[in-house]
Each structure stands twice: as structure tokens, then as C-alpha cells.
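Chemist: Just dropping this structure here.
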Amino acid sequence: MADEVLSQIDEKVKNNKVMLYMKGTPDFPQCGFLAHTVEILKSYGFPFATDDVLANAAVRDGIKRYSNWPTIPQIYIDGKFVGGCDILHELHERGELEPMLKAAFEK
Amino acid sequence: MISPDEIKSTLAKGLPVSLVETQDLTGGGDHWQVIIVSPAFEGKGLVEQHRMVNEVLKEPLADQRIHALSLKTYSPTQWDKLGS
Chain P
1345 MADEVLSQID
1355 EKVKNNKVML
1365 YMKGTPDFPQ
1375 CGFLAHTVEI
1385 LKSYGFPFAT
1395 DDVLANAAVR
1405 DGIKRYSNWP
1415 TIPQIYIDGK
1425 FVGGCDILHE
1435 LHERGELEPM
1445 LKAAFEK
Chain B
6 MISPDEIKST
16 LAKGLPVSLV
26 ETQDLTGGGD
36 HWQVIIVSPA
46 FEGKGLVEQH
56 RMVNEVLKEP
66 LADQRIHALS
76 LKTYSPTQWD
86 KLGS
């Protein structure tokens, strides 16, 4: 059962260029940090898929084990774990996020 | 809820830190922004740097004394570049 969750997550992470695991939905993010993360992602204009971990406790727990990262949100670009709010924000400020997104979508 | 001193002392026990600055984001003592400069971050990516901090702060994160933690981590080299 537990492994099933991990393989479901793995499939989503690999089949979406940008995958965001979050609490809530892009239109109703559940906290301020998260709202900011969603704003940053939207600002680049690339599509991204999301999963609401509040809707599924197994995914909420599973995503932390999948990445060995203790907090949500978690952002994956091109199948790779990028980080949470802070790292995304930092990469955005350093100008490193756009090239990562472009590279993922040009593949 | 956790005090800035406790954050600093816990970090210092687990990491060589040259600078720690804490900011209580909500005034409630459980949403923190922490800036950390550590020579241990040299040459490491952000995910790895944050993993190191999360590991050191594992207990207060697990028992929710820290509910939300916003991190800004820098190696001394990265930190010096910011100031210039």
C-alpha cells in the first residue's frame, strides 16, 4: 500500500514538467508562503500540475518520504525535486528558475 | 513556540555557523525566517543546505514548536558576494 503511493507520486512527478504538491489548490492556497510560491510559478506562464495533499493523507505522508523532505509544498521540475517555498523564491530571485523551466519545456 | 535563542543554540550545536539571524514572521513564535551563514554550506546546492538545517532542527519541527520555517542559507562566499 505504502509503495503504491510512492509509485503514484513517481508517475506524476515524471509525467508533468512541473509538479507542485501543495495544501489546497492554486486558487485557494492554504497559507501565505504557499500563495507566494504559486504566484512565482504563474508569473512564468508555463503550465504546472498540482496535487492537494489535504485531500489525501497517504500522499501527504508519501511525498515527504519520496523526497526525504519534511515540508510541503514541494516543487518538481522535469522529474527532479527542486525544493519548497524558500528555494523556489531564492532561485526566482537569482534568475535561475526561468532557465530551469525553459529547459524542461524545450525537451 | 520557540525562542530565537533556542533556535540559535540548537543550530550552533549541529552546524558550524558564522551568522544566524532570526525573524518572528507573525509574532506568534512559531513562524520563523532564519538566515544562516555556514562554512559547511560551501559548494553545496540549496536543497542540500536546507536538508542540513532541517536535520539539526528536526525536533522543534517535528513537535511543531516551529510550525513554519523560512530559510535563507548561504556559504560565507555566497554571503560576501551579497554584501559587495
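For the record, the sequence lines run as chains P and B.
Okay, so the first sequence: first residue is 1345 according to the numbering used here, each after it adds one.
Okay, so the second sequence: first residue is 6 according to the numbering used here, each after it adds one.
For every residue, glycine included, the Cβ atom is placed at its ideal position computed from N, Cα and C.
Predicted model only: the values in this text are computed from it and were never measured.
1. Quick check on DSSP: helix, strand or coil for Ile1384 of chain P?
2. Just list the residues that DSSP pairs Val1362 of chain P with in beta bridges.
3. Tell me whether Gln1418 of chain P is buried or exposed, calling it buried when 16 or more other Cβ atoms sit within 10 Å of its Cβ.
4. With 16 other CB atoms within 10 Å as the buried threshold, where does Phe1377 of chain P fall?
5. Given that a residue counts as buried once 16 or more other Cβ atoms are within 10 Å of its Cβ, and exposed if not, what is Gln54 of chain B?
6. Thinking C-beta only, is Leu1398 of chain P closer than 8 angstroms to Gly1368 of chain P?
7. Give me the residue from P:Glu1450, P:Glu1434, P:Val1403 with the minimum Cα distance to Ser75 of chain B.
8. List, in chain order, every chain P residue whose beta-carbon is nearer than 7 angstroms to that of Ser23 of chain B.
9. Within this structure, are the beta carbons of Val42 of chain B and Val22 of chain B separated by less than 8 angstroms?
10. Quick check on DSSP: helix, strand or coil for Val42 of chain B?
11. Counting pairs of Cβ atoms below 8 angstroms between the region 1432-1448 of chain P and the region 14-28 of chain B, do you hit three or more?
12. State the start and end residues of the unbroken alpha helix (DSSP H) segment that holds Lys77 of chain B.
13. Does the structure place the region 1405-1416 of chain P close enough to the region 1382-1393 of chain P that three or more beta carbon pairs sit under 8 angstroms?
14. Contact criterion: CB-CB distance below 8 angstroms. Does Ser75 of chain B meet it with respect to chain P?
15. With 16 as the cutoff for other CB atoms within 10 Å, does Leu1364 of chain P come out buried or exposed?
16. Considering only the alpha carbon of each residue, which of B:Ile7, B:Lys18, B:Gln83, B:Asp10 lies closest to Val58 of chain B?
17. Buried or exposed, going by whether 16 or more other CB atoms sit within 10 Å of the CB of Gly32 of chain B?
Modeler: So, to answer that:
1. Residue state for Ile1384 of chain P is assigned as helix, using DSSP reduced to three classes.
2. DSSP, once it has assigned bridges, lists P:Ile1421 as partnering Val1362 of chain P.
3. Answer is buried; the Cβ neighbour count reaches 16.
4. Burial call: buried.
5. By the C-beta density criterion, Gln54 of chain B is buried, having at least 16 other C-beta atoms within 10 angstroms.
6. Remark: C-beta atoms of Gly1368 of chain P and Leu1398 of chain P approach each other more closely than 8 angstroms.
7. Of the listed residues, the one whose Cα sits closest to Ser75 of chain B is P:Glu1434.
8. Per Cβ cutoff of 7 angstroms: no residues; Ser23 of chain B is ~19 angstroms from chain P at best.
9. Yes, the pair counts as a contact, with Cβ atoms nearer than the cut-off.
10. Strand.
11. Proximity of the region 1432-1448 of chain P to the region 14-28 of chain B falls short of the contact definition, fewer than three beta-carbon pairs being nearer than 8 angstroms.
12. Residue range 73-79 is occupied by the beta strand (DSSP E) that includes Lys77 of chain B, with no alpha helix (DSSP H) assigned at that position.
13. Flag = no, the region 1382-1393 of chain P and the region 1405-1416 of chain P do not touch.
14. Ser75 of chain B counts as touching chain P.
15. Its Cβ being crowded by 16 or more others within 10 Å, Leu1364 of chain P is buried.
16. Of all alpha-carbon atoms in B:Ile7, B:Lys18, B:Gln83, B:Asp10, the one lying nearest the alpha-carbon of Val58 of chain B is that of B:Lys18.
17. The residue in question, Gly32 of chain B, is exposed, as its Cβ has fewer than 16 Cβ neighbours within 10 Å.
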